[in-house]
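**Q**
In my numbering, the protein residues as written are 22 to 724.
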């Protein structure tokens with residue numbers, strides 16, 4: 022029997038504890054009635070309250086005596102008419118879209134589907150009670166001793182991003198206590214923090230930590246949704262990453278992790294999935310949004326039984342609906358103001374920009390973020406594509422947004438495997454992709470440069486496999502991209518051939534050096550610095566296993582030392598961290614350009630040279646005296662004049678150093694001689710410097 026809750030308030034949405042009781046509020050435009058169900062921690066129902074008050078489409082009520090740790094869910098009454106886009110079913114317990122914590126996982130069975138499972142279609146509503154199979158929302162205590170926590174506020178130009186998975190980074194770390202591995206507390210452990218700070222990165226970009234679901238087809242194969250791209254709770258940190266339990270303590274543990282990373286000067290960026298939810302297509306389960314107000318949250322087709330899908334997951338959130346847009350914005354603000362995160366990477370961001378059937382860079386989503394006093398001040402990164410028509414939008418996002426630069430990844434991979442036609446496109450990528458970002462007023466750091474990411478080969482696998490090897494995913498190797506732009510260098514997978522292994526090691530150094538010495542914001546995939554392999558799996562989305570976890574007992578210490586060294590070089594030289602694009606012209610009061618390009622014979626590149634599709638070598642000279650940026654007090658920033666030689670040809674060469682830019686040069690980095698001390702080799706202008714096949718050399722002018 023339902024009781025009537027006290028009236029309470031319609032705002033804020035979600036559950037709000039005030040010290041004496043809890044206010045509950047949920048949006049539904051089309052519902053006919055809403056019930057609040059309270060549970061104990063064992064999942065047993067304790068009481069049901071009818072939310073009789075409805076204000077501005079919000080159903081709300083207050084229950085005295087309910088406090089932190091109490092589990093709850095909603096039952097929403099209304100019409101079940103899939104042909105009209107309505108999928109209400111009061112037999113289904115629903116997660117609060119604004120829940121700050123969620124306990125438990127979905128127990129898959131016919132109970133969690135809104136229609137009769139196994140019937141022909143979805144016309145008949147299911148009368149099975151889903152409550153025993155459902156996760157439950159949790160009332161939280163929002164108070165936390167942040168102390169003097171401060172955001173690092175690292176400038177974009179100085180940012181080096183480390184893309185990591187909370188569980189994968191910590192699961193096998195021998196210095197992290199067993200009970201903390203795989204958790205937020207594990208990532209906050211001094212051993213984890215020390216690795217990040219010694220490496221030299223400035224920001225940790227966490228793969229999805231919003232509470233998500235494991236699709237049943239994966240569980241049937243003994244697999245998990247490891248990557249987490251099936252969100253069902255946009256305010257709740259994933260409880261399986263908590264060492265402290267799922268009754269609200271996961272919120273405090275997440276906050277403590279952020280506080281620890283901030284103390285170390287590390288920013289926290291979240292990979293967020295606001296383009297779709299884990300409820301899937303019209304035959305998916307009824308877990309939350311679908312049962313609360315299906316047309317209010319999802320974009321439906323002309324036939325409203327079906328979902329408009331530009332994400333490849335079965336549904337797309339409808340940001341043209343005020344309530345769906347409000348959900349996203351309130352969630353983003355919550356993670357910034359209450360959880361203290363420093364930015365977001367938006368998965369399939371083109372899906373959020375779509376109005377009707379096109380990608381519109383001036384959509385309401387971007388307008389609202391740009392004027393928001395909170396969100397406009399944090400780092401915003403777009404994955405600038407989705408799977409719909411016209412979804413590849415690299416270079417088309419507005420000012421204030423950085424983008425994962427897929428063209429950078431492809432060009433650099435092609436160059437070092439000898440498949441890039443000429444070097445003109447490489448030059449654009451090395452200098453911040455001005456062809457993509459300059460005309461709309463953005464800066465070089467709008468380009469988030471990467472060679473590898475979670476989706477695809479690791480760096481070690483990129484140089485060890487020609488083909489994907491995804492058999493462990495249970496899809497007969499059909500999943501994952503076939504366009505890897507990889508090269509195994511003569512043997513597929515592990516080999517004892519010393520020449521192959523030496524070349525692979527050098528190529529890994531080439532990729533890291535190119536990435537860190539390019540203009541823009543570099544992003545390193547977690548584990549690449551220690552030689553992590555996924556055994557050729559380029560789609561480890563379902564591998565919560567040794568395939569995905571970092572193996573801290575098999576660290577490539579030589580590669581790690583090199584990675585630290587190149588990151589440090591980037592930090593030491595502002596010439597690699599320019600905040601404005603190169604002009605390629607002689608500066609006022611100077612005799613030289615801010616950048617110059619050279620051939621192996623020491624002559625400057627001209628139009629004819631750029632059009633040579635066979636060219637595989639390029640010299641890039643950065644004039645440290647013509648950096649247009651200024652320090653915090655307006656001081657002029659100057660640097661050494663640096664020369665980077667990239668040589669992807671399979672034969673060694675002699676590179677004649679340019680004349681007119683200085684008399685003497687010293688080598689400070691050589692991917693073919695990683696242990697060579699900086700300055701151990703010097704050469705005069707006009708002299709020929711030996712350069713090893715497939716290597717990168719960096720020199721500094723010393724006279």
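Yeah, the Cβ is synthetic: ideal placement off N, Cα and C, and Gly gets one too.
(1) Report back the beta-carbon spacing between residue 662 and residue 687 to the nearest angstrom; my notes put them in contact at under 8 Å.
(2) I want to know whether the stretch 234-244 touches the stretch 553-567 - three or more CB-CB distances under 8 Å.
(3) Using the rule of at least 16 other Cβ atoms within 10 Å of the residue's Cβ for burial, across every protein chain shown, is residue 164 buried or exposed?
(4) Smallest Cα separation from residue 437: which of 413, 410, 524?
(5) So residue 276 packs on residue 361, CB below 8 Å; how close in whole Å?
(6) Bridge partners for residue 675 per DSSP, in chain order?
(7) Which residue from 359, 347, 353, 406 puts its Cα closest to that of residue 375?
(8) I'd like the list of long-range same chain contacts for residue 521, defined as Cβ closer than 7 Å, with 5 residues on each side in sequence excluded.
(9) Would DSSP call residue 349 helix, strand or coil?
(10) Quick check on residue 44: does DSSP put it in helix, strand or coil?
(11) What distance in whole Å lies between the Cβ atoms of residue 160 and residue 87, which are believed to be in contact at a cut-off of 8 Å?
(12) Please go through the same chain and pick out, in chain order, the residues whose beta-carbon is closer than 7 Å to the beta-carbon of residue 435, but skip the five residues on each side of it.
(13) Using the C-alpha atoms, what's the distance from residue 28 back to residue 576?
(14) Under the rule that 16 or more other beta-carbon atoms within 10 Å means buried, what is residue 480, buried or exposed?
(15) Please confirm whether residue 115 and residue 95 have their CB atoms less than 8 Å apart.
(16) Helix, strand or coil for residue 530 per DSSP?
(17) I'd like the list of long-range same chain contacts for residue 254, defined as Cβ closer than 7 Å, with 5 residues on each side in sequence excluded.
(18) Please classify residue 119: does DSSP put it in a helix, a strand, or coil?
(19) Quick one: give me the first and last residue of the alpha helix (DSSP H) that residue 387 is part of.
(20) Do the CB positions of residue 339 and residue 320 come within less than 8 Å of each other?
(21) Give a yes or no on whether the C-beta atoms belonging to residue 8 and residue 607 are separated by under 8 Å.
(22) Let's test the definition: count the other Cβ atoms within 10 Å of the Cβ of residue 499 and tell me whether it reaches 16, buried, or not, exposed.
(23) In the DSSP output, what is residue 619 paired with across the bridge?
(24) In terms of residues, what are the limits of the beta strand (DSSP E) holding residue 400?
(25) Can you name, in chain order, every residue of its own chain whose Cβ lies under 7 Å from the Cβ of residue 527, other than the five neighbours on each side?
(26) Straight-line CA distance for residue 185 to residue 547?
(27) Within the same chain, show all residues whose beta-carbon is closer than 8 Å to that of residue 708, passing over the 5 residues directly before and after it, in chain order.
(28) Helix, strand or coil: which one does DSSP assign to residue 103?
(29) Apart from the five residues on each side of it in sequence, which residues of its chain come closer than 7 Å, Cβ to Cβ, to residue 604?
(30) Let me know the beta strand (DSSP E) ranges lying completely inside the stretch 397-456, each 3 residues or longer, listed in chain order.
(31) Hey, out of 295, 343, 300, whose CA is closest to residue 317's CA?
(32) For residue 166, is the classification buried or exposed, using 16 other Cβ atoms within 10 angstroms of its Cβ as the cut-off for buried?
(33) Just mark residue 711 as buried or exposed, buried being the case when its beta carbon has 16 or more other beta carbons within 10 Å.
(34) In the DSSP assignment, what residue or residues form a beta bridge with residue 543?
(35) Take residue 700 as the anchor and find which of 723, 680, 398 has the nearest alpha-carbon.
(36) Go ahead and label residue 452 buried or exposed: buried means 16 or more other beta carbons lie within 10 angstroms of its beta carbon, across all protein chains shown.
**A** If we stick to the structure as given:
(1) As a position in the chain shown, residue 662 is number 641, starting the count at 1. As a position in the chain shown, residue 687 is number 666, starting the count at 1. So it is not a contact: roughly 12 Å between Cβ atoms.
(2) yes
(3) Counted from its first residue, the chain shown places residue 164 at position 143. So residue 164 counts as exposed.
(4) Against the chain shown, residue 437 aligns to sequence position 416. Restricting attention to 413, 410, 524, the CA atom closest to the CA of residue 437 is found in 524.
(5) Along the chain shown, one-based indexing puts residue 276 at 255. Along the chain shown, one-based indexing puts residue 361 at 340. The pair is a contact, with the Cβ atoms about 7 Å apart (cut-off 8 Å).
(6) Reading the chain shown from its first residue, position 654 is the one you call residue 675. Paired residue(s): 711.
(7) Within the chain shown, the letter at position 354 stands for residue 375. Among 359, 347, 353, 406, the Cα nearest to that of residue 375 is on 406.
(8) For this step, residue 521 is matched to residue 500 along the chain shown. Excluding residues within five positions, the ones whose Cβ falls inside 7 Å are 510, 511, 512.
(9) By one-based count along the chain shown, residue 349 stands at place 328. Three-state DSSP puts residue 349 in a helix.
(10) Here residue 44 refers to the residue found at position 23 of the chain shown. Strand.
(11) The residue given as residue 87 occupies position 66 in the chain shown. The residue given as residue 160 occupies position 139 in the chain shown. Correct: roughly 6 Å between the Cβ atoms.
(12) Translated into positions along the chain shown, residue 435 becomes position 414. Around residue 435: 441, 506.
(13) Walking along the chain shown from the start, residue 576 turns up at place 555. Walking along the chain shown from the start, residue 28 turns up at place 7. Put simply, the backbone Cα of residue 576 is about 59 Å away from that of residue 28.
(14) Here residue 480 is taken as the residue at index 459 of the chain shown, counted from 1. Buried, by the Cβ-count rule.
(15) Along the chain shown, one-based indexing puts residue 115 at 94. Along the chain shown, one-based indexing puts residue 95 at 74. Residue 115 places its beta carbon less than 8 Å from that of residue 95.
(16) Here the question's residue 530 lines up with position 509 in the chain shown. It is helical.
(17) Sequence index remark: in the chain shown, residue 254 carries index 233 (1-based). Excluding residues up to 5 positions away in sequence, 116, 120, 123, 231, 232 lie with their Cβ nearer than 7 Å to the Cβ of residue 254 in the same chain.
(18) Position 98 of the chain shown, counted from the start, is the residue given in the question as residue 119. Under the three-state reduction of DSSP output, residue 119 falls in the coil class, being neither helix nor strand.
(19) Within the chain shown, residue 387 is the residue found at index 366, counting from 1. It spans 385-392 - the alpha helix (DSSP H) in which residue 387 sits, taken as one unbroken run.
(20) By one-based count along the chain shown, residue 339 stands at place 318. By one-based count along the chain shown, residue 320 stands at place 299. Going by C-beta atoms, residue 339 is nearer than 8 Å to residue 320.
(21) Here the chain has residues from 22 to 724 only, and residue 8 is not among them.
(22) In the chain shown, residue 499 corresponds to position 478, counting from 1. Its Cβ having fewer than 16 others within 10 Å, residue 499 is exposed.
(23) Here residue 619 refers to the residue found at position 598 of the chain shown. Listed as beta-bridge partners of residue 619 by DSSP are 625, 640.
(24) Taking the first residue of the chain shown as 1, we reach residue 400 at position 379. First-last of the beta strand (DSSP E) with residue 400: 400-403.
(25) For the purposes of this step, residue 527 is taken as the residue at position 506 of the chain shown. These residues qualify, in order along the chain: 692, 693, 715, 716.
(26) Stepping through the chain shown from its first residue, residue 185 is reached at position 164. Stepping through the chain shown from its first residue, residue 547 is reached at position 526. If you take the alpha carbons of residue 185 and residue 547, they lie about 5 Å apart.
(27) Your numbering for residue 708 matches position 687 in the chain shown. Within the same chain, residue 708 has close Cβ partners 677, 678.
(28) Counting from one through the chain shown, the residue named residue 103 turns up at place 82. The DSSP-derived three-state label of residue 103 is helix.
(29) By one-based count along the chain shown, residue 604 stands at place 583. Cβ within range, chain order: 615.
(30) 400-403, 423-425
(31) Reading the chain shown from its first residue, position 296 is the one you call residue 317. In terms of Cα proximity to residue 317, the closest of 295, 343, 300 is 343.
(32) As a first step, residue 166 must be located in the chain shown, where it is residue number 145. Answer is exposed; the Cβ neighbour count stays below 16.
(33) In the chain shown, the residue the question calls residue 711 occupies position 690. Label assigned to residue 711: exposed.
(34) Indexing the chain shown from 1 puts residue 543 at position 522. Paired residues: 470.
(35) Here the question's residue 700 lines up with position 679 in the chain shown. The shortest Cα separation from residue 700 among 723, 680, 398 belongs to 723.
(36) Taking the chain shown and counting its residues from 1, the one referred to as residue 452 is at position 431. It counts as buried.
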